[in-house]
Structure formats: C-alpha cells, structure tokens
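J.:
Protein chains in written order, with our numbering: chain A, 6 to 467; chain B, -5 to 289; chain C, 438 to 719.
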C-alpha cells in the first residue's frame, strides 16, 4: 500500500516537473495579462502524450480520486458504494476523499483548480456545479457515456436535463433530492388531525392552531419550522414561489422575484411567522423536528433515513402543499469529471460514475439514504417496488419526483444566489421588513452579482 | 578596511543570518498573499475561470454603495467596541479581586486564564449548547427565577450579545493576568503617599492604580481590538453571521464573499479595508505608547 | 491594593470570597457542563427539567465520537504538526528577536525588519488562504505535513513579544558577556535565553495553542483523513450530528480541549508569569 502510494507520488512529481514551468508561466500570465483573450473552456482537453507512456508499464489498474461531501450515515453509504465498486473489478481503483460540507468541497475544488491539482471525479452540489462548468473546469460527458455504454435516456428527465448544457451532459445525477413535507404523526393524532399532509397551505394554516402549543407568550411548539439562510431556506422557498405562480428568474437571468407573485409568496412566509404565528425560525430544523419543537417541517428527502432512525415518534411524509398550483424543485448533488484529465483517467472516471448511477447502485443507495433513484429502470424494478411497500415514506418522495422541476437560474447559477435570496427571506421573516422593498433589493443584488455570469455564459454558449 | 568596518559587516551578516528565515517565511506566506489580495481588489474574478478582468476601482465603488458592506462595518464597530469594553471591565474587576490576599487565588488566576487557550470552535459549540433556549444551561438557571431565555437566535441584537458573551468569557482572563502583574509592579510608596493625602479606596483606585496601569490597559485594548477583528470561528459555528447579517463582521464577510460567493474582487476590497484598519490601530498604539513611554 | 492583614471574618473578605466563588462558577460551569453532558444519553439531554449529574451515566458517547470521525489519526496529526510548527516558531522568535535587540546592524536595516514583523501581525489569516494554497501546490505540498506546517512556521507575534521582553533585560549583563569575548551564539543561548525563559515559555504556549486550535488552513490544505487535524474532526462531527446529539459532540469537544487543559495545568506557573512579565515590560 505504502509502496503504491509512493509510486504514485513519484509519478506525480514526474508529471509535475514537466508541468511546473508551464503552471508557473500560466499563473504569471493570468496575473500580468488579465485582459488576455478568454481561453475557450469548451475546447477539448489536450491529449497528454507523455503520461500514458509513463504509467503504462506500471500497472493496468487506473487510480482515480473521488472527492465526496457526505458524513455520518450518508458517508457510510458512500464508502460502501466505493468499496463495492473497487471490489467488483480491477480496472479502476477509486480513492474516496471526504472534503467536508458542500461549501467546503466547493472551496477546495476552487483552490485545486487554481493549483491545477484536481481530483478526477467530484461530488458537486446543485448551487455551484454550474460555476465550474462556466469556467471550463468540467469534462463534457456524452462521448464518454457512449463509450461506457451508459444509456443517458434512462436517467429521470428532470434530473439529467439540469446537467445538460448545449446538448452535452456535464453533471450526472447521483445524490439528488427534493424537499419533502415531514410531520410528527403523534402530534397530528393528538391534535385530532388526519394522518396525512395538507393538500394546500391554506388547509395547513387551518390546522396550525391545533398544532401550536403556547407557553405564556412564547411558542413552546410550532406547527412548522423554517430553516435559516445558511441552511438553504431559499431552496425550500423555490417551491413556495412556484406554488404562488411566481419564480426567482427566467433561464436568461431576468430576475422575477420582485414581481407580484413573488411578493405574495414572501408575504405568505412572513405571515406564517409574524402574524399567523404558527411557524418558527429554527436554528436547526432537524433538531427541532426530532425534539418535538415543531409538528412539521419541510426538508430534503436525504434526511429521511436519519429522521426515521432518530425519531422517538412516528414520522409521516407528504408531498408539498399547493397554493395556486403544485411546485417542487429538485436539489442535491451530482457527479462531474474534471477537465483536462488524461484519456484513460476520463474513461476510468466515467466507469465509476456509470457504476455510481447505475440502476442497481441507485436502488441500494437511495434505499439506504433517502436520495432519489436517478434511473427510470430502477423505479420500475422489483426491488424498488418491494421497498416501497415496506417504506411508504420513501414512496412519497419518489412519487413526488415525477412532479419536480429544475430550479430557477437565480438560485443555482448565480454564485451565492442561494444566500442572497436566503438573507432576503431572513429580512422578511425575522426582520418583518416590507416584502416588496426586500425583493427589490434582492433583485438588484442578484443582477449585479449575476452580470459576470451572464457575460461568461454568452462567451461559452453563444 | 578598519576593524570598525569589519565589525559592522560582521554584525550585519549575523543579523541577516538570524532574521532571514523568519522574514522569508513571513514574506512568502503573509506579504505575498496580502499583495495578491490587494491586487485582486482591482479585478473581477471568480477564482477559477482562466480570465481575470481588470475593473479598476469598480469593486471599491460597488462596496461603497453596498448596503450589506455598511451594515458589516457597523456590526464590526459595535462588536469590537462592546466586546473590548466588556473584556476590559471584566479583566479589571478580576484583576482587582485576584490581587486581594485570598486563599486559592493562584488557582483562580489559572482558571480564568484557561479559556484563552481553548479552541474557538470548541468553545462556540459548548456555548451553542449552553444558550440553547430549551435544554441549555442558561435556560436552566433562568427558569429557576421564572425568566425565559432571550431569543439568542432569531433576535438580531441578542445574537450579537451571544457572540460578545462568548468572546468576553474566553478573553477576559488574558487581560486579567496582565493587569494583575501590572498591579503587582505598582510602587507601594504611591499608595502610601495617597493615604497621607487622605485618599480613600476609590481615590487610590482612580489616582494611583488606573494611571499606573495605563500601558497595560492600552496593551489589553489593542490586543483586544486586533483579536476581535480576527474572530471567525466563533461566528462561523454559532450564528453563520445571521440572523439578517446581524453578526456578520468584516472577517466573516470576507470569508463569505471569498469562499461562498467566490467573488475575488469584493473579497480583495475587504482585505484592504481590514488591513488598513488594523494598521491604523497598531500605529495609534505605537504613537500613544511612545508618548507615555510605554514601549 | 495590598491591605494589611485581613481579619478572617470581616465583611469585606466574605464579599471577596463570594466574588471568587462567582468567578469560579462562571468560568468553570460551562466546562463542567461540557464534561457532564458528554456522559449523558441523548434522551436525558432532551429531558426537561434539565439534569446536572447524568442519571444514567454512559461512556458510549466517547467511542461513538471517536469512531464517527477518525479521531486517532487526527490526534497524531495534530500532535505532530503542532510540535513542528510551534518548535519552529519558538526558535525563530528567539533568534530573530535577539538580532533585533542585540546585534549592532545598521539602524535602518533593523527598523525595516521590525516594521516587517509589525505589519505581518496585522494580516488576518483569511486573507492568506488561497494564495498560500496555490504556493503549496506549486511546491506539490498540498495534503502533506510540510504543507500544513510551513505557512505557520514563522512568527510575527512571538518575535514582537520577545523583542519587547529582551529590551527590558538588564543590558549590563549582556554587555559584560560581550566584553568577556562571548560570541553572539553564546550570548544568545547562555545569557539571554535563560533570562527570558518566562517569555519564551509563553511564546511557546501561544504557539502550541494556536497550532492546536488552527482550523481554516488545515481544512483547506488537507484532502484526506490521514492528514487532517483535530478541530476539523470536531467540526465534521458537528456537521454530522447537527444539533441533535449534544452528548457525542461534547465528547468530541473534550478530545480537543482536554490536552490543552492538561498542558496548561502542567505549565500554569510559567504561563501566567510569562504573559504578565511580557506585557508589563511591553
């Protein structure tokens, strides 16, 4: 093992010796000539001519590094998946390196690209994979998928389409989730409510007084708990604004959040906390839900396994409530291959991704985590159907998947867009500020922050 | 060459030999990054794309007109002011108490200093739990006297208070230890002279103790300000800068702009702002220090 | 403030001891709370009214925390990187401060050097992260011990503090050594270092503590578990468990905090004196 590692290090330093001068030169050039013509990021990566020659005599196994972001139960499942892959064949050996949260992974991937020392495959969250695509850091995957005989049309449409730009796939669905309505069955029963989620938010608002428990002037138990901006409240609100017939933005980055329906949706969130007084702003919605501080909440399907394991009560799930219409975004993370890898690493990386998102793997993976099965054929499989019978909560999540929509550009494509909208929601729900004013500010900030993206997008996609 | 010149050259070479490693490392790992940060303030860049666009002062103009930036500046001022003042008051009170000839004071001196040494992230986790409105230690005490825990988390002012409380708890001991030493160094004849002049307890405190401690108080103030400017982990763990940016101070904002939104330009501007403020504080200290001969 | 002998039962002394007790409680209770919680089952943590002494004490939080992230490896890494970086800091501070105070180099050179040290004090760590990462990767030192250690191997703070302390040492002693023909090395190691011991120990402790607690840089520069350090493990634990299982998180916190407490108890006398002396002279 140690030998293998030092050998790899040796090879790396060989490659580095050659590349060092180049790296230094590039770094200097970027600094000295910042106005230099943009490098076409869609250009095919140069075929490295020397690397295979060096590596070939060593071994037939290709080592690739995969950066992941899962810890706890999810991390265990991910590790099992990688181990199983490594044991199942001898062509590719994947080393899983845990990088921290999604944000930390983004930070480290950024630094790694700067340093031109990237992993081969990385988990990438919905809110930042696009930035790496725009910078030309992601490998287009269509040809690689074809070479590994992966049937792209078997992926759930709304999921694979999100990662498809200009007709090529850059981001393969893996740990994809949707928001799900969770409720505490014990509290619902105690309040004399039916054992199901509300059809509409109006219905839930009617139920709410029965769920809220007051202790003097403070709310000892809320009917519903909102997360904060650092915990992706803007993801959950994405569904809510759609339910109110509004949207954050158009695909061309025209911001729409400040329009009438957006204001209506914001007002709804504000009222739920400030005038209706049935919702709380939780520091940690998971802790509040498990601790019985809230009767219901909306959180990722990825939390399902954890909730069912840790709850001291019966956990119920339902599809999101509607208003004018139903609305529910997809979310979570997918896999991408970093650009500029040697051809054999690209193939090896694709082989791993093909395995990770294969109908068989996605079945076990989703059953152990609560993430969505990403393949149509997996949904139809007997194993899945049987599992649905045993775990009705999980079936709710999958049934809802068919009705989901990819998110608006303002949240997922503008860097920090999620946080900008989330902080606006804090002003609305905690600060009680006028919704139209807040959305007006948010719109300006999104436009300002988004301007470089719009420009870059034009350069990349025309 | 005279022996004097030879001596000069030898001394210079010894000097260079002794300082070179330290200065080289500082240059590579502090000044070069600082320069890079300042340079980036003039560019529009997302940290990964191959192109950095020169935009001149645009990032500065943008920050100047940015509502969040001014809120962050205000937060930083409020946070620094209150955390430093409270730390000094606590430290001074502790120092007075621990200068009394009490049994066990050595142990307590050690105890109060201990939090200074502990990991900010660890302390923040402990305080997160202590301040928990339902299961926390504080709520436990408050409920004994029939009070409710403040809304540390959803109330912007209380969120700031929670951060300041934690920092004061962690940092007061450091100031106390310094002030105790200062008090021990005060010339006893000064107190005797004050007694002869008829000064009471307060008179002595006001006319002898505090003036004699001026250099130490200055030192504690300045290290407090510089420390406050760098407190990042406590905010990251306890509030993430929220709610509504209420605890978002300059270094946290730098982190957010640089490492969450990946805007190199604004992050560069914040680098410059933080550096200038810290430079000003240090120069002020040197200036005052020179005047009072403290340095 | 040294009053005459205090009578044991005077009101003032009762008040003073009361004050002392309050101080001990304020500083000690949070730490005690942390330790006690680490022995509670999660059901007990979410029980109202809150309990102080664990009713069904459990040791399970420790193995659970220890296994949730590879704490053993993190411990080893923390100890090694801390020892190297802190050792380097102390050596460099001792020698650099000596040069600034006792070597008769041209004044301009000394002033510029001191200014460099002083300015370095004012750069927040967040600023240096990305450029340093790039530097490290050019050296191919990402995810290595030297990558973690090197940016923390120099010290502006330690140099500054020792310089202030050296300046307060009796000049006659060093001059006498010079007259006797002692070289700079002899003067530094045989005369100055013994006299400056409290300040040096203090600089050492601060160096150890800042390395041990350092969070952002090791997080960025390490990629794999075999290189990570303790605070990252603790934060990872917090991410994993959320605010749902305080028992395990507090157990993890004890892992990080306990070594510092032990170190402190063993060196307490020196530290408190050293810091005080350094600042009083400063």
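In this text, a Cβ means the ideal position worked out from N, Cα and C, and glycines have one as well.
Can you name the residues of chain B whose CB is closer than 7 Å to the CB of residue 621 of chain C?
T.: Indexing the third chain from 1 puts residue 621 of chain C at position 184. Those within 7 Å of residue 621 of chain C in chain B are 8.
J.: So with Cβ pairs under 7 Å, would you call residue 456 of chain C a contact of chain A?
T.: As a position in the third chain, residue 456 of chain C is number 19, starting the count at 1. Chain A contact via Cβ: absent.
J.: What are the residues in the segment 529 to 543 of chain C lying within 8 Å of chain B by C-beta distance?
T.: The residues in question are 529, 530, 532, 533, 535, 536, 537, 540, 541, 542 and 543.
J.: For residue 342 of chain A, which of helix, strand or coil comes out of DSSP?
T.: As a working mapping, residue 342 of chain A is identified with position 337 in the first chain. Note: residue 342 of chain A maps to strand in three-state DSSP.
J.: What are the residues that DSSP puts in a beta bridge with residue 174 of chain A?
T.: On the first chain, residue 174 of chain A is found 169 positions in, with the first residue counted as 1. Residue 174 of chain A pairs with A/169.
J.: Take the Cβ of residue 57 of chain B as the centre, count every other Cβ of all protein chains shown within 10 Å, and call the residue buried at 16 or more, exposed below.
T.: Residue numbering aside, residue 57 of chain B sits at position 63 when the second chain is read from its first letter. Counting Cβ neighbours within 10 Å, residue 57 of chain B comes out buried, since at least 16 surround it.
J.: What does DSSP give as the partner residue(s) for residue 403 of chain A in the beta ladder?
T.: Against the first chain, residue 403 of chain A aligns to sequence position 398. For residue 403 of chain A, which the question treats as bridged, DSSP gives no partner whatsoever.
J.: Less than 8 Å between the CB atoms is what I'm expecting for residue 455 of chain A and residue 258 of chain A, so what's the real figure, rounded?
T.: Numbered from 1 along the first chain, position 450 holds the residue referred to as residue 455 of chain A. Numbered from 1 along the first chain, position 253 holds the residue referred to as residue 258 of chain A. Indeed they touch by this definition, with Cβ atoms about 5 Å apart.
J.: Going by beta-carbon coordinates alone, are residue 260 of chain B and residue 564 of chain C separated by less than 7 Å?
T.: Within the second chain, residue 260 of chain B is the residue found at index 266, counting from 1. Within the third chain, residue 564 of chain C is the residue found at index 127, counting from 1. It is not a contact, given that the beta carbons lie outside the stated cut-off.
J.: What residue range does the alpha helix (DSSP H) around residue 548 of chain C cover?
T.: In the third chain, the residue the question calls residue 548 of chain C occupies position 111. First-last of the alpha helix (DSSP H) with residue 548 of chain C: 544 to 557.
J.: Out of A/109, A/449, A/140 and A/213, state which residue places its alpha-carbon closest to the alpha-carbon of residue 344 of chain A.
T.: As a first step, residue 344 of chain A is located in the first chain; it is residue number 339 there, counting from the start. The residue with the shortest Cα to Cα distance from residue 344 of chain A is A/140.
J.: Around the Cβ of residue 171 of chain A, are there at least 16 other Cβ atoms within 10 angstroms (buried) or fewer (exposed)?
T.: Here residue 171 of chain A refers to the residue found at position 166 of the first chain. Exposed, since its Cβ has fewer than 16 Cβ neighbours within 10 Å.
J.: For residue 88 of chain A, which option in A/290, A/145, A/223 and A/361 has the closest C-alpha, if you only look at C-alpha atoms?
T.: Locating residue 88 of chain A in the first chain gives position 83, counting from the first residue. Closest option to residue 88 of chain A, Cα to Cα, is A/361.
J.: Check whether the Cβ atoms of residue 186 of chain A and residue 402 of chain A lie closer than 7 Å to each other.
T.: Here residue 186 of chain A refers to the residue found at position 181 of the first chain. Here residue 402 of chain A refers to the residue found at position 397 of the first chain. No, they are not a contact pair.
J.: Starting from the C-beta of residue 570 of chain C, find all residues in its chain whose C-beta is less than 8 Å away, skip the five residues before and the five after it, and write them out in chain order.
T.: Your numbering for residue 570 of chain C matches position 133 in the third chain. The residues are 579, 657 and 658.
J.: Would residue 5 of chain B pass as an interface residue toward chain C - the criterion being a Cβ-Cβ separation below 7 Å?
T.: Within the second chain, numbered from 1, the residue matching residue 5 of chain B stands at position 11. Output row for residue 5 of chain B: interface = yes.
J.: Would you please verify whether the beta carbon of residue 412 of chain A is less than 7 Å from any beta carbon of chain B?
T.: Against the first chain, residue 412 of chain A aligns to sequence position 407. Output row for residue 412 of chain A: interface = no.
J.: Are the Cβ atoms of residue 676 of chain C and residue 76 of chain A separated by less than 7 Å?
T.: Start at 1 with the first residue of the third chain, and residue 676 of chain C comes out as number 239. Start at 1 with the first residue of the first chain, and residue 76 of chain A comes out as number 71. Yes; because the gap between Cβ atoms is below 7 Å, this pair is in contact.
J.: Taking a Cβ distance cut-off of 9 Å, strictly less, list which residues of the segment 471 to 484 of chain C are near chain B, in chain order.
T.: Answer set for the segment 471 to 484 of chain C: 471, 474, 482, 483 and 484.
J.: Which same chain residues end up closer than 7 Å to residue 264 of chain B when comparing Cβ atoms and leaving out the 5 residues on each side of it in sequence?
T.: Position 270 of the second chain holds residue 264 of chain B. Same-chain partners within the cutoff: 244, 247, 248 and 251.
J.: Out of curiosity, what's the CA-to-CA distance linking residue 407 of chain A and residue 157 of chain B?
T.: On the first chain, residue 407 of chain A is found 402 positions in, with the first residue counted as 1. On the second chain, residue 157 of chain B is found 163 positions in, with the first residue counted as 1. Between residue 407 of chain A and residue 157 of chain B, the C-alpha separation is close to 44 Å.
J.: Would you kindly check if the distance between the Cβ of residue 285 of chain A and the Cβ of residue 230 of chain A is under 7 Å?
T.: Walking along the first chain from the start, residue 230 of chain A turns up at place 225. Walking along the first chain from the start, residue 285 of chain A turns up at place 280. Yes; because the gap between Cβ atoms is below 7 Å, this pair is in contact.
J.: Return the first residue and the last residue of the beta strand (DSSP E) that residue 98 of chain A is part of.
T.: Locating residue 98 of chain A in the first chain gives position 93, counting from the first residue. Here the beta strand (DSSP E) through residue 98 of chain A covers 97 to 103.
J.: Hey, does residue 242 of chain B have any beta-carbon neighbour from chain A nearer than 7 Å?
T.: Mapped onto the second chain, residue 242 of chain B falls at position 248. Output row for residue 242 of chain B: interface = no.
J.: Relative to the C-alpha of residue 352 of chain A, which residue among A/267, A/327 and A/125 is closest?
T.: On the first chain, residue 352 of chain A is found 347 positions in, with the first residue counted as 1. Comparing Cα positions, the closest option is A/125.
J.: Does residue 60 of chain A pass the burial test, meaning 16 or more other C-beta atoms within 10 Å, or should it be called exposed?
T.: Stepping through the first chain from its first residue, residue 60 of chain A is reached at position 55. Bear in mind that the predicted position of residue 60 of chain A carries a pLDDT of just 43, short of 50, making it unreliable; the figure below should be weighed with that in mind. So residue 60 of chain A counts as buried.
J.: Which residues does DSSP list as the beta-bridge partners of residue 182 of chain B?
T.: Counting from 1 along the second chain, the entry for residue 182 of chain B is found at position 188. Paired residue(s): none; residue 182 of chain B is not in a bridge.
J.: Please list the terminal residues of the continuous beta strand (DSSP E) segment that includes residue 231 of chain A.
T.: The residue given as residue 231 of chain A occupies position 226 in the first chain. Residue 231 of chain A -> beta strand (DSSP E) spans 223 to 231.
J.: Would you kindly work out how many angstroms separate the C-alpha atoms of residue 337 of chain A and residue 8 of chain B, rounded to a whole number?
T.: In the first chain, the residue the question calls residue 337 of chain A occupies position 332. In the second chain, the residue the question calls residue 8 of chain B occupies position 14. Distance between the alpha carbons of residue 337 of chain A and residue 8 of chain B is about 60 Å.
J.: List, in chain order, every chain A residue whose beta-carbon is nearer than 7 Å to that of residue 689 of chain C.
T.: Position 252 of the third chain, counted from the first residue, corresponds to residue 689 of chain C. None at all; the shortest Cβ gap to chain A is about 13 Å.
J.: Give me the Cα-Cα distance between residue 22 of chain B and residue 594 of chain C, rounded to the nearest whole angstrom.
T.: On the second chain, position 28 is the one that residue 22 of chain B refers to. On the third chain, position 157 is the one that residue 594 of chain C refers to. Cα to Cα, residue 22 of chain B sits roughly 17 Å from residue 594 of chain C.
J.: Terminal residues of the continuous beta strand (DSSP E) containing residue 619 of chain C?
T.: Taking the third chain and counting its residues from 1, one reaches residue 619 of chain C at position 182. Element bounds for residue 619 of chain C: n/a, residue is neither H nor E.
J.: Please list, in chain order, all residues of the same chain as residue 102 of chain A whose beta carbon is under 8 Å from its beta carbon, the five residues on each side excluded.
T.: Along the first chain, one-based indexing puts residue 102 of chain A at 97. So the list reads 70, 71, 72, 73 and 124, once near-sequence residues are dropped.
J.: Considering only the beta carbon of each residue, do residue 409 of chain A and residue 302 of chain A sit closer than 7 Å?
T.: Numbered from its first residue, the first chain carries residue 409 of chain A at position 404. Numbered from its first residue, the first chain carries residue 302 of chain A at position 297. Taking 7 Å as the Cβ cut-off, residue 409 of chain A and residue 302 of chain A do not qualify as a contacting pair.
J.: Quick one: residues in its chain with C-beta nearer than 6 Å to the C-beta of residue 501 of chain C, no 5 flanking neighbours on either side, listed in chain order?
T.: Stepping through the third chain from its first residue, residue 501 of chain C is reached at position 64. These residues qualify, in order along the chain: 685.
J.: Starting from residue 72 of chain A, trace the beta strand (DSSP E) in both directions and tell me its first and last residue.
T.: Locating residue 72 of chain A in the first chain gives position 67, counting from the first residue. Its beta strand (DSSP E) spans residues 67 to 73.
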